[in-house]
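Asker:
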Amino acid sequence: MKEEQRSLLLSTTSRFPPPPGVKLSYGTAGFRADAGVLKSTVYRVGILAALRALKSESVIGLMITASHNKVSDNGVKVSDPNGGMLSQDWEPFADALANAPTPEDLLRLVDELTANKGIALDGTTSLEILVARDTRPSGESLLEAAKLGIESVIGAVASDMGILTTPQLHWMVRARNNGEKASENDYLEQLSSSFKCLMDLIPSGNENNQVGDKLIVDGANGVGGEKLIVLKEMLKLKGLTIEVRNTGKEGGVLNEGVGADYVQKEKVVPNGFGSQDFGIRCASLDGDADRLVYFIVPSKSGNNIELVDGDKISSLFAVFIKEQLSILKKEGGAKLSEDYPCRIGVIQTAYANGASTDFLKQLGLEVVFTPTGVKYLHEKAAQYDIGIYFEANGHGTILFSEFFLLWLKTTNNELCSVAKGSEQQKAASRLLAVSRLINQAVGDALSGMLLVEATLQHMGWSINQWNELYRDLPSRQLKVKVANRTAVVTTNAETKVVKPPGIQEAINVETAKYPKGRCFIRPSGTEDVIRVYAEASTQDEADRLANSVANLVDRYLGVRSS
Ligand code: 16G
Ligand code: MG
1 MKEEQRSLLL STTSRFPPPP GVKLSYGTAG FRADAGVLKS TVYRVGILAA
51 LRALKSESVI GLMITASHNK VSDNGVKVSD PNGGMLSQDW EPFADALANA
101 PTPEDLLRLV DELTANKGIA LDGTTSLEIL VARDTRPSGE SLLEAAKLGI
151 ESVIGAVASD MGILTTPQLH WMVRARNNGE KASENDYLEQ LSSSFKCLMD
201 LIPSGNENNQ VGDKLIVDGA NGVGGEKLIV LKEMLKLKGL TIEVRNTGKE
251 GGVLNEGVGA DYVQKEKVVP NGFGSQDFGI RCASLDGDAD RLVYFIVPSK
301 SGNNIELVDG DKISSLFAVF IKEQLSILKK EGGAKLSEDY PCRIGVIQTA
351 YANGASTDFL KQLGLEVVFT PTGVKYLHEK AAQYDIGIYF EANGHGTILF
401 SEFFLLWLKT TNNELCSVAK GSEQQKAASR LLAVSRLINQ AVGDALSGML
451 LVEATLQHMG WSINQWNELY RDLPSRQLKV KVANRTAVVT TNAETKVVKP
501 PGIQEAINVE TAKYPKGRCF IRPSGTEDVI RVYAEASTQD EADRLANSVA
551 NLVDRYLGVR SS
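240 is the number that the UniProt record's numbering gives to position 240 of the sequence shown; each next residue is one higher, with no gaps.
1) Helix or strand or just coil, what does DSSP make of ILE313?
2) Is the Cβ-Cβ distance between PHE278 and LYS300 less than 7 Å?
3) Can you list, in chain order, the residues of its chain whose CB lies under 8 Å from that of GLY345, leaving out five sequence neighbours each side?
4) I want to know whether the stretch 279 to 291 touches the stretch 205 to 225 - three or more CB-CB distances under 8 Å.
5) How about the stretch 436 to 452 and the stretch 170 to 184: do they share at least three Cβ pairs that are nearer than 8 Å?
6) Pairs of beta-carbons, one from the stretch 457 to 468 and one from the stretch 535 to 549, closer than 8 Å: are there three or more?
7) Given ILE321, which residues of its chain have a CB within under 8 Å of its CB, disregarding the five upstream and five downstream residues?
8) Please report the distance separating the alpha-carbon of VAL268 from that of THR526.
9) Leaving out five residues before and five after THR12 in sequence, what residues of the same chain have Cβ atoms less than 6 Å from its Cβ?
10) Could you work out which residue in ALA493, ILE60 and ASP73 is closest to ASN177 when comparing CA atoms only?
11) Exposed or buried, what is LEU406 when buried is set at 16 or more other beta-carbons lying within 10 Å of its beta-carbon?
12) Under the rule that 16 or more other beta-carbon atoms within 10 Å means buried, what is ASN303, buried or exposed?
13) Whole angstroms are fine: how far does the CA of ASP218 sit from the CA of ARG281?
14) Give me every residue whose Cβ sits closer than 7 Å to any heavy atom of the ligand 16G, in chain order.
15) Below 6 Å CB to CB, which residues in the same chain sit around residue 565 once its five sequence neighbours on both sides are set aside?
16) Determine whether the beta carbon atoms of PHE390 and SER314 lie at a separation below 7 Å.
17) Which of the three DSSP states, helix, strand or coil, is assigned to SER141?
18) Applying the 10 Å Cβ sphere with the 16-neighbour rule, what's the burial state of SER562?
19) Compute the Euclidean distance between the alpha carbons of GLU423 and ILE327, then round it to the nearest angstrom.
20) CB-CB under 8 Å to ARG560, same chain, minus the five flanking residues each way: which ones, in chain order?
21) The alpha helix (DSSP H) with ALA182 in it runs from where to where?
22) Helix or strand or just coil, what does DSSP make of ALA392?
23) Pull up the distance between the alpha-carbon of ALA120 and that of LEU97, whole angstroms please.
24) Using the beta-carbon count (16 or more within 10 Å), is SER356 buried or exposed?
25) CB-CB under 7 Å to GLN264, same chain, minus the five flanking residues each way: which ones, in chain order?
26) With three or more C-beta pairs closer than 8 Å as the rule, is the stretch 242 to 261 touching the stretch 184 to 195?
27) Under 7 Å between the Cβ atoms of GLY373 and THR65?
28) When you compare only the Cα positions, how much space is there between ASN547 and ALA487?
29) Going along the chain, which unbroken runs of the beta strand (DSSP E) with 3 or more residues stay wholly within the stretch 405 to 491?
30) Please tell me whether, using a cut-off of 6 Å, the distance from the CB of ASP286 to the nearest non-hydrogen atom of the ligand GDP is below it.
31) Pick helix, strand or coil for GLN348, following the three-state DSSP scheme.
32) With a threshold of 6 Å on Cβ separation, who are the neighbours of PRO19 within its own chain once the five nearest residues in sequence on each side are excluded?
33) Does the beta-carbon of SER141 have 16 or more other beta-carbons within 10 angstroms, so that it is buried, or is it exposed?
34) For ALA506 and ASP73, what's the separation of their Cα atoms in angstroms?
35) Can you have a look at THR102 and say buried or exposed, based on whether 16 or more other CB atoms are within 10 angstroms of its CB?
36) Under the DSSP definition of a beta bridge, which residues are partnered with MET161?
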């Protein structure tokens, strides 16, 4: 490293000493902690993002968010050049950099990495790092730390993109590296034009459907609600009215009694919703708008909801896409399967409700499982022509292969009008519109929501009809505090425990007591706990199975508290 670079890094690093006694890990979704201890981490992730940009010779993203965590927390993660998560082989470096105790240790790590990866810190190239943040009050000062980190690396330039949803930033990074238009307005334009295209292509005869033209959205008092207000103005559609609640402007607190994570875990209405919403389609975004769940307020009393989760969203999209593919196979012209053997796959995790897996398999689709965490699902989905992935918690998207999109474009002139074109061309246009609407970089609640809305209108289904695609098996999730959660090692997409020895056999014995019983345990990637998931044919059985397995975890792993 040249002297100029060394002294630049030394002078900025000394302004951000790491807080004593805090050890952070990059985890499934970047670094997260109380915002008060994060300045040094965010500064260092700035350095990391700069080095990643120099290595990949591409635009890189840095997002300051803690998603659905409480408002006093914050976090930081990096978007790779393709808009996906940071390449996993850089995670150990991220951990080492964040925890380097002294400026000299930090310089040594940068020296090692640059030598290892062949990164020249000579300032001959200039690369941009797009920085964005969610609405957390701590975001602004952390943004300054990120900028200083980035600009401590000669040749790296920070561009402040302002307040964005996490998927917006990932989308921009991807668009920039593909040489496409990449502003926030371009994002909103692409979403609204492809949504309108799908609406124009709705088959006639669906006018008397029961979809219902009203959608109420819980914005989690975060950035998603804010952006949705802008988007809905651009849509100005007949037949769909979107009302946004919990926008953060009504005085509510981010993620407090609101948001997709709360709604999915607690299975109750978010603040601001209640009996007045009986019979209306409702949706909830999380704090950085990369998760989406729908829900139904089923009766005139109580807080309980009927949850329409990520598995249902995945199933709805699978039905719609399969329908379009069969049109492409049937009609005249260039035929799918003869000209192009399109491979479609649905990716789930062990948390997917067993009833959803059965439903997708009955549709004749290939269903595969990965461990929890977007990076694993996304990687698998990218191996298909159409890869649909969703976690039950509502994070997911649909990936289209370049080859398949090219086939669609070259064999079918793109059009967005009902009047013209064969059935086959319309099906191709719908799929092309879906590929532009749904975020190709990462799961995106806003684009996912518009696709749900267009699909419901296309099928002519109310939220109840959609929800009745299959009936969820009763399930229960518990968490258990243990002395050391890393003592649990799993395999087969987290469905089987290999360490500590004997516990899997004991879980099998418990599970076998219940018909349709299914149960697994895994160490959480975001909290210091072991998670237990159980499913059975009745709620009582699911509860009993989860409790007995939680006791096993206690017994095998030594309890601190529970
Ligand atoms: C993170 C992951 C999410 C996963 C969750 C599991 C991303 C962007 N987010 O929020 O995919 O479902 O962690 O949390 O990867 P857990 O390990 O604490 O159960
Ligand atoms: Mg999130």
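We put the beta carbon where it would ideally sit given N, CA and C, even for glycine.
Treat the numbers as computed from the prediction; the structure is a model and nothing was measured.
Answerer: For this structure:
1) helix
2) yes
3) LEU365, GLU366, VAL367, VAL368, LYS380, ALA381, GLN383, TYR384, ILE386, GLY387 and ILE388
4) yes
5) yes
6) no
7) ILE344, ILE386, ILE388, ILE398, LEU431 and VAL434
8) 23 Å
9) LEU148 and SER152
10) ILE60
11) exposed
12) exposed
13) 11 Å
14) THR28, ALA29, SER67, MET85, ASP290, THR372, GLY373, VAL374, LYS375, GLU391, ASN393, HIS395, SER524, GLY525, THR526, GLU527 and ARG531
15) There is no way to answer for residue 565, as the model of the chain reaches only from 1 to 562.
16) yes
17) helix
18) Residue placement at SER562 is poorly supported in this model, since its pLDDT is 39, which falls under 50; the coordinates are not used for a value here.
19) 7 Å
20) Any reading at ARG560 needs caution, since the residue's pLDDT is 47, under 50, leaving its predicted position unreliable; the model's value is listed next. Within the same chain, ARG560 has close Cβ partners LYS481, VAL482 and ALA483.
21) ALA182 -> no alpha helix (DSSP H), and no H or E assigned at all.
22) coil
23) 19 Å
24) buried
25) VAL293, LEU307, ASP309, ASN393 and GLY394
26) no
27) no
28) 20 Å
29) 475 to 480 and 489 to 491
30) Absence of the ligand GDP is noted for the structure shown, with the ligand 16G and the ligand MG being the only ligands found.
31) strand
32) VAL37
33) exposed
34) 38 Å
35) exposed
36) DSSP output for MET161 lists no bridge partner at all.
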